[in-house]
Amino acid sequence: PNHKALISLAEFSAREKVKLYIVGGTIRDAILNRPICDLDFSLPVDAIDFAKSFAKMLGVKVIVLDEEQKTARLIFYNGDLYMDFSSIRGNDIFEDLLARDLTINAMALDFSQLINSDSVELLDPYKGIDDLNNGLVKIPSSQTIMDDPLRMLRAYRFSATLGFHIHEGTSSLIGEHPELLKEPSAERIRDELYKILEVSDSANYLKAMDRVNLLEQIFPEIIPMK
1366 PNHKALISLA EFSAREKVKL YIVGGTIRDA ILNRPICDLD FSLPVDAIDF
1416 AKSFAKMLGV KVIVLDEEQK TARLIFYNGD LYMDFSSIRG NDIFEDLLAR
1466 DLTINAMALD FSQLINSDSV ELLDPYKGID DLNNGLVKIP SSQTIMDDPL
1516 RMLRAYRFSA TLGFHIHEGT SSLIGEHPEL LKEPSAERIR DELYKILEVS
1566 DSANYLKAMD RVNLLEQIFP EIIPMK
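Quick note: the sequence shown uses the working numbering, first residue 1366, plus one each step.
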């Protein structure tokens, strides 16, 4: 990503006395040496207000993604770089990480430490780094699924797009709650499903979803077909 925008952000957050954390997918992709064009930040203040102030200073476009969850996106260089800002959920960054969907998406770095220091501490409450190194997709607990049942489908999406295996315990968890997939909106389900179908060997992931009765929640016609 463009360093100039990151330096501007570091200076702006220092001036505003706001502690920023790089979180989730950005760290996952950096560790996997995947191209990064999307930077995710969590912060302990109203993320929409912060993003709007930063965007105004730089003269870039800002989009409010979620008014309720306080999430906004800044678009740089005609879409070559995105910065997403979200307010920390819970009392601190650790509570925020513990509430995330997958262990490999539940890591954070202190942004100012990353910019200003030679070494940086990885905040990793679920040992997601081990799952990344072992190529595993793991949902932390059944509560994670209860909080947002779409996470069951996201597990298979990340398995497909990263070429990772679903952790055995995660398959068991999903197999206990497949009917919960009826709760998320059709649009959210469609978006995850399309990402699975974009993978060349998507049939294998659909079969894996079928083994835990997840596919028939999306396509109930499968039941009489069987």
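Backbone N, C-alpha and C define an ideal beta-carbon position, used for all residues, glycine too. Computed from a predicted model, the values in this text were never measured in an experiment.
| query | Quick one: Cα of VAL1425 to Cα of ALA1370, how far? | reply | In the sequence shown, counting from the first residue as 1, residue 1425 sits at position 60. In the sequence shown, counting from the first residue as 1, residue 1370 sits at position 5. The straight-line gap from Cα to Cα measures roughly 11 Å.
For this session: Check whether the segment 1412-1424 touches the segment 1454-1470, counting contact only when three or more Cβ pairs, one atom from each stretch, lie closer than 8 Å.
Result: Two segments are said to touch when three or more pairs of C-beta atoms, one from each, lie closer than 8 Å; by this definition the segment 1412-1424 does not touch the segment 1454-1470.
Segment limits, beta strand (DSSP E) that includes ASP1556: Here residue 1556 corresponds to residue number 191 of the sequence shown, with the count starting at 1. No beta strand (DSSP E) holds ASP1556; the alpha helix (DSSP H) holding it covers 1551-1562.
Using the rule of at least 16 other Cβ atoms within 10 Å of the residue's Cβ for burial, across every protein chain shown, is ARG1438 buried or exposed? In the sequence shown, the residue the question calls residue 1438 occupies position 73. Counting Cβ neighbours within 10 Å, ARG1438 comes out buried, since at least 16 surround it.
Check your understanding: Nearest CA to the CA of ILE1531: which residue from GLY1500, GLU1433, ASP1556, PRO1549?
Key -> Indexing the sequence shown from 1 puts residue 1531 at position 166. That would be GLY1500, whose Cα lies nearest to the Cα of ILE1531.
Buried or exposed, going by whether 16 or more other CB atoms sit within 10 Å of the CB of LYS1547? Your numbering for residue 1547 matches position 182 in the sequence shown. Burial call: exposed.
Check your understanding: On the three-state DSSP scale, how would you describe LYS1426?
Key -> In the sequence shown, residue 1426 corresponds to position 61, counting from 1. It is a strand residue.
Exercise. Evaluate LYS1435 with the Cβ neighbour count: other Cβ atoms within 10 Å of its Cβ, from every protein chain shown; 16 or more gives buried, anything less gives exposed.
Key: Mapped onto the sequence shown, residue 1435 falls at position 70. Its Cβ being crowded by 16 or more others within 10 Å, LYS1435 is buried.
Requested in this report: Determine the DSSP secondary structure at ALA1370, reduced to helix, strand or coil.
Outcome: Looking up residue 1370 in the sequence shown gives position 5. If DSSP states are grouped into helix, strand and coil, ALA1370 belongs with the helices.
Practice item. Out of SER1477, ASP1445, THR1509, point me to the one whose CA is closest to ALA1471's CA. Key: On the sequence shown, residue 1471 is found 106 positions in, with the first residue counted as 1. Per the Cα distances, THR1509.
Cβ-Cβ distance between TYR1570 and ILE1561 below 9 Å: Here residue 1570 refers to the residue found at position 205 of the sequence shown. Here residue 1561 refers to the residue found at position 196 of the sequence shown. ILE1561 is positioned such that its CB atom lies closer than 9 Å to that of TYR1570.
Judging by CA-CA distance, which residue of GLY1528, LEU1479, VAL1502 is the nearest neighbour of ILE1372?
Mapped onto the sequence shown, residue 1372 falls at position 7. The shortest Cα separation from ILE1372 among GLY1528, LEU1479, VAL1502 belongs to LEU1479.
Out of LYS1572, ASP1512, SER1484, which one is the CA nearest neighbour of LEU1545?
In the sequence shown, counting from the first residue as 1, residue 1545 sits at position 180. Comparing alpha carbon positions, the residue from LYS1572, ASP1512, SER1484 closest to LEU1545 is ASP1512.
query: In the DSSP assignment, what are the bridge partners of ALA1437?
result: If you number the sequence shown from 1, residue 1437 lands on position 72. Answer by DSSP bridge pairing, in chain order: VAL1429, PHE1450.
With distance defined between alpha-carbon atoms, name the residue in LEU1527, ALA1420, SER1477 nearest to MET1448. What you label residue 1448 is simply residue 83 of the sequence shown in a count that begins at 1. Answer by Cα proximity: ALA1420.
| N- and C-terminal bounds of the alpha helix (DSSP H) containing LEU1538 | The count along the sequence shown starts at 1 and reaches residue 1538 at position 173. First-last of the alpha helix (DSSP H) with LEU1538: 1533-1541.
*Tell me whether SER1407 sits in a helix, a strand or coil according to DSSP, three-state version.*
Indexing the sequence shown from 1 puts residue 1407 at position 42. In the structure shown, SER1407 sits in a strand (DSSP, three-state: E or B).
Worksheet entry | LEU1518 versus HIS1368: straight-line alpha-carbon distance, rounded | Working through the sequence shown from its first residue, we reach residue 1518 at position 153. Working through the sequence shown from its first residue, we reach residue 1368 at position 3. The alpha-carbon atoms of LEU1518 and HIS1368 are separated by roughly 34 Å.
Suppose you measure from the CA of PHE1450 to the CA of ILE1587; what does that come to, to the nearest Å?
Position 85 of the sequence shown holds residue 1450. Position 222 of the sequence shown holds residue 1587. Between the alpha carbons of PHE1450 and ILE1587 lies a distance of about 40 Å.
Q) Who are the near neighbours of ILE1392 in its chain, counting only those whose CB is closer than 8 Å to its CB and skipping five residues on each side? A) For this step, residue 1392 is matched to residue 27 along the sequence shown. Within its own chain, the residues whose Cβ lies closer than 8 Å to the Cβ of ILE1392, once the five positions on either side in sequence are excluded, are MET1472, ALA1473, LEU1474, LEU1487, listed in chain order.
Cβ-Cβ distance between ILE1440 and PRO1409 below 9 Å: Working through the sequence shown from its first residue, we reach residue 1440 at position 75. Working through the sequence shown from its first residue, we reach residue 1409 at position 44. In this structure, PRO1409 does not lie closer than 9 Å to ILE1440 by Cβ.
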